[in-house]
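Numbering-wise (our numbering), the sequence shown opens with residue 132 and increments by one.
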Amino acid sequence: MKLKTRLMIAFLTLILLPILMSGAIIFLLSRYQISSIEKTYELTGTTVESLSNSMQMLSRLTEKPYHELEEMAVENPAEMEDATRLDEFNQILQKKSAYLLVRKNDTIIYVGTEMEEAEDVIRELPEYIGAETISENGLYLGGEAQALVKQVDFLFPDESKGSAFIVSNVDGMIPEMEEFIVDIAFCVILILIFTSALLTFWIYRAVMRPLGRMQVAAKNIKEGNLDFELTPMADDELGELCQDLEEMRIRLRETAEEKLRYDRESKELISNISHDLKTPVTTIKGYAEGIMDGVADTPEKMQRYIRTIYNKADEMNTLINELTLYTKIDTNRIPYNFNTLSVNAYFNDCAEDLSVELESKNVEFGYFNYVEADVKVIADPEQIRRVIHNIVNNSLKYMDKPKGKINLRVKDVGDFVQIELEDNGKGIGAKDLPNIFDRFYRTDASRNSSKGGSGIGLSIVKKIVEEHGGKIWATSREETGTTMYFVLRKYQEVPIYE
């Protein structure tokens with residue numbers, strides 16, 4: 132799951148879950164509180180709406196005491212001056228968060244609470260209206276009083292005007308409602324804490340687990356340990372980061388392996404060149420000492436010694452030139468000079484040069500061209516000539532027949548021109564054939580110096596062909612011969628439409 136999706140889910144859950152759970156908790160608590168209030172205050176038909184309306188709730192709490200007060204005032208008005216009876220009645224009211232006031236004419240004769248609390252209410256009390264007064268729903272007193280007053284007017288036994296008031300303080304609320312609000316607040320806080328903790332753990336776990344693995348991976352990379360695998364745990368942003376880190380690890384490992392391989396090949400190259408130079412140097416030194424010691428005491432010997440020294444020096448020069456060329460190719464410092472070449476004209480010239488060279492070495496040469504006259508390729512003529520020269524020289528090195536033979540064939544194979552160089556040498560073993568284009572590889576494990584070369588000739592050929600956008604391969608049979616193939620892409624003119 133995407134991290135963005137997780138955050139969206141967390142956001143919606145943090146909003147919806149507390150709302151739903153709070154609604155359920157409020158519903159359950161309200162039912163419980165309604166039942167408790169009805170039992171405590173002897174009420175029936177209480178609803179959530181009435182609980183939320185403080186005026187209506189206070190009015191309902193004093194509904195029964197109001198009717199009892201009305202009955203007492205009408206049937207026994209003398210009790211309205213009996214302090215003991217009034218105290219008893221006031222205690223009932225106090226349980227319902229109210230108190231009693233009794234007025235005779237304009238004088239307050241009974242106050243069921245502290246005088247300081249009742250002063251503002253007393254100043255706002257309504258006038259005597261008459262014995263038929265009905266104030267069951269109560270009268271709201273604003274200002275400083277902030278009270279709900281239910282009034283019962285009556286006449287004392289001495290015919291004095293009397294009024295009894297049930298006063299409920301609107302500023303306060305019944306204990307059960309306070310407890311209800313506290314419980315709701317506590318539950319909502321718990322729900323928010325629980326939801327936040329749950330979502331935090333969910334996101335934390337989704338983030339920290341892959342981060343922990345990436346941290347370990349980064350530590351391994353820092354310490355140079357690249358032999359591990361970092362598998363993404365999920366298809367999200369962190370999973371993509373894990374995949375990027377894994378690809379970086381693979382790239383670093385490949386680079387490290389390539390560097391090790393390059394270092395190994397460089398050491399092998401130095402070893403090969405040193406080995407291949409040692410023989411001609413030793414020969415040159417020996418023959419030079421022979422001349423200095425007077426061993427070459429005839430003009431014929433002197434000529435032979437000098438010729439041998441020259442040939443060995445030429446071998447050394449060839450090795451050094453080959454190494455220099457390889458270094459330039461490997462570092463992409465050869466300046467290719469691509470031109471559009473006529474296949475027939477170019478390979479006809481190559482065949483003519485090869486014919487002269489091979490004839491001097493007593494090797495039979497055959498040239499076969501199956502390409503139309505107008506076929507062209509884009510190539511560097513000097514480097515393609517080097518390719519052919521290296522392949523032919525490699526065939527001559529391993530030629531073991533009394534009568535050597537090399538054939539050059541040029542064929543049209545669709546979008547490419549295919550060049551084949553076939554010899555009748557000793558051939559290449561099946562186990563060696565896949566490796567002949569590798570750097571420094573030589574089928575001659577003993578490194579017989581008579582064969583010459585550093586083992587990089589065919590790797591140079593492969594590099595040049597590939598830089599031309601072509602491909603090279605070989606087939607061979609031991610004791611029969613080898614055929615080298617490489618292809619060059621044809622040059623095709625793109626028509627221009629007017």
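Glycine included, every Cβ here is placed at the ideal spot set by N, Cα and C. Note that the structure is predicted; figures quoted are calculated from it, not measured.
Within the segment 432-511, ranges of the alpha helix (DSSP H) (whole runs, at least 4 residues): 474-491, all fully within the segment 432-511.
Straight-line Cα distance separating H406 from T386: Within the sequence shown, numbered from 1, the residue matching residue 386 stands at position 255. Within the sequence shown, numbered from 1, the residue matching residue 406 stands at position 275. The C-alpha of T386 lies about 29 Å from the C-alpha of H406.
Alpha helix (DSSP H) segments (min. 4 residues) lying fully within the segment 364-422: Counting only runs of 4+ residues, no alpha helix (DSSP H) is found wholly inside the segment 364-422.
Residue(s) in a DSSP beta bridge with A229: On the sequence shown, residue 229 is found 98 positions in, with the first residue counted as 1. In the DSSP assignment, A229 forms a beta bridge with S299.
Own chain residues within Cβ distance below 8 Å of G583, not counting five before or after: As a working note, residue 583 is residue 452 in the sequence shown. Summary for G583: the model assigns pLDDT 48, below 50, so the residue's position carries little reliability; its value from the coordinates is reported in the next sentence. If the five residues before and after G583 are omitted, its C-beta is found closer than 8 Å to the C-beta atoms of D407, E446, T449, L450, K528, all from its own chain and listed in chain order.
Unbroken beta strand (DSSP E) run spanning D543, endpoints: Start at 1 with the first residue of the sequence shown, and residue 543 comes out as number 412. For D543, the enclosing beta strand (DSSP E) begins and ends at 535-544.
Alpha helix (DSSP H) segment containing D251, residue limits: Working through the sequence shown from its first residue, we reach residue 251 at position 120. Looking at the DSSP string, the run of the alpha helix (DSSP H) that includes D251 is 246-255.
C-alpha distance - G261 paired with F220, whole-angstrom precision: Taking the sequence shown and counting its residues from 1, one reaches residue 261 at position 130. Taking the sequence shown and counting its residues from 1, one reaches residue 220 at position 89. Each residue's alpha carbon lies about 22 Å from the other.
Residue range of the unbroken beta strand (DSSP E) whose run includes Y241: In the sequence shown, residue 241 corresponds to position 110, counting from 1. Secondary structure note for Y241: its beta strand (DSSP E) is the uninterrupted segment 238-242.
Best match in E598, N500, K292 for proximity to D514 [C-alpha to C-alpha]: Working through the sequence shown from its first residue, we reach residue 514 at position 383. With the sequence shown as reference, residue 514 is identified as Gln, and Asp is not the correct amino acid for it. Of E598, N500, K292, the residue nearest in Cα terms is E598.
Cβ separation of A229 and I297, assumed to be a contact under 8 Å, to the nearest whole Å: Your numbering for residue 229 matches position 98 in the sequence shown. Your numbering for residue 297 matches position 166 in the sequence shown. Sure, about 5 Å apart at Cβ, within 8 Å.
Cβ shell of N184 (< 6 Å), same chain only, five flanking positions each side left out: The residue you call residue 184 lines up with position 53 of the sequence shown. Confidence is the limiting factor: at N184 the pLDDT is only 49, short of 50, which leaves the residue's position unreliable and the question unanswerable from this model.
Inter-residue CB distance, A295 and L200 (contact presumed, cutoff 8 Å): Within the sequence shown, numbered from 1, the residue matching residue 295 stands at position 164. Within the sequence shown, numbered from 1, the residue matching residue 200 stands at position 69. Indeed they touch by this definition, with Cβ atoms about 6 Å apart.
Beta-carbon contacts of K602 that lie in its chain and below 6 Å, excluding the five residues immediately before and after: For the purposes of this step, residue 602 is taken as residue 471 along the sequence shown, with counting starting at 1. For K602, where only same-chain residues beyond five positions count, the Cβ hits under 6 Å are V618.
Inter-residue spacing [alpha-carbon to alpha-carbon] between L143 and M152: Your numbering for residue 143 matches position 12 in the sequence shown. Your numbering for residue 152 matches position 21 in the sequence shown. Rounded to the nearest whole angstrom, the C-alpha separation of L143 and M152 is 14 Å.
Start-to-end residues for the beta strand (DSSP E) that takes in Y616: For this step, residue 616 is matched to residue 485 along the sequence shown. Unbroken beta strand (DSSP E) run through Y616: 612-620.
Close Cβ partners of S581 (< 7 Å) along its chain, the five nearest in sequence each way excluded: Stepping through the sequence shown from its first residue, residue 581 is reached at position 450. Because S581 sits at a pLDDT of 48, beneath the cut-off of 50, its placement in the model cannot be relied upon, and the following sentence gives the value as read from the coordinates. Taken in chain order, the list of residues that qualify is empty.
Option nearest H520 by Cα separation, candidates A482, R384, K350, S190: Here residue 520 corresponds to residue number 389 of the sequence shown, with the count starting at 1. It is A482.
Residue burial classification, M246 (beta-carbon count within 10 angstroms, cutoff 16): Here residue 246 refers to the residue found at position 115 of the sequence shown. Burial call: exposed.
Whole-angstrom distance between L160 and V283, CA atom to CA atom: Counting from one through the sequence shown, the residue named residue 283 turns up at place 152. Counting from one through the sequence shown, the residue named residue 160 turns up at place 29. Just so you know, the alpha carbons of V283 and L160 end up roughly 36 Å apart.
Own chain, CB closer than 8 Å to R578, minus 5 neighbours either side, in chain order: As a working note, residue 578 is residue 447 in the sequence shown. The pLDDT assigned to R578 is 44, lower than 50, so where the model puts this residue is not dependable; a value taken from the coordinates is nonetheless given after this. Cβ neighbours of R578 beyond the five flanking positions: N403, H406, D407.
Y197, enclosing alpha helix (DSSP H) - first and last residue: Taking the first residue of the sequence shown as position 1, residue 197 is located at position 66. Membership of Y197 in the alpha helix (DSSP H) is indicated by the continuous run 194-206.
Environment of E360 [buried if 16+ CB atoms lie within 10 Å]: Position 229 of the sequence shown, counting from 1, holds the residue named residue 360. When all chains shown are included, E360 counts as exposed.
Strand pairing of L323, partner residues [DSSP]: Taking the sequence shown and counting its residues from 1, one reaches residue 323 at position 192. None, per the DSSP bridge assignment.
Separation of G243 from S190, as counted between CA atoms: Along the sequence shown, one-based indexing puts residue 190 at 59. Along the sequence shown, one-based indexing puts residue 243 at 112. Annotation: S190 to G243 spans about 18 Å, alpha carbon to alpha carbon.
Own chain partners of A576 with C-beta closer than 8 Å, once the 5 adjacent residues on each side are dropped: Position 445 of the sequence shown, counting from 1, holds the residue named residue 576. At A576 the pLDDT is 49, less than 50, meaning the model places this residue with poor confidence and gives no usable figure here.
Any 3 or more C-beta pairs closer than 8 Å across the segment 536-550 and the segment 477-493: Output reads yes: the segment 477-493 touches the segment 536-550.
Cutoff 6 Å; reference I72; Cβ partners in own chain excluding five residues on either side: Because the chain is modelled from 132 through 629, residue 72 falls outside the range shown and cannot be assessed.
Option nearest P210 by Cα separation, candidates I150, D289, K227, G269: Here residue 210 refers to the residue found at position 79 of the sequence shown. First, the residue type needs correcting, since residue 210 is Glu and not Pro in the sequence shown. Residue D289 is the option with its Cα nearest to E210.
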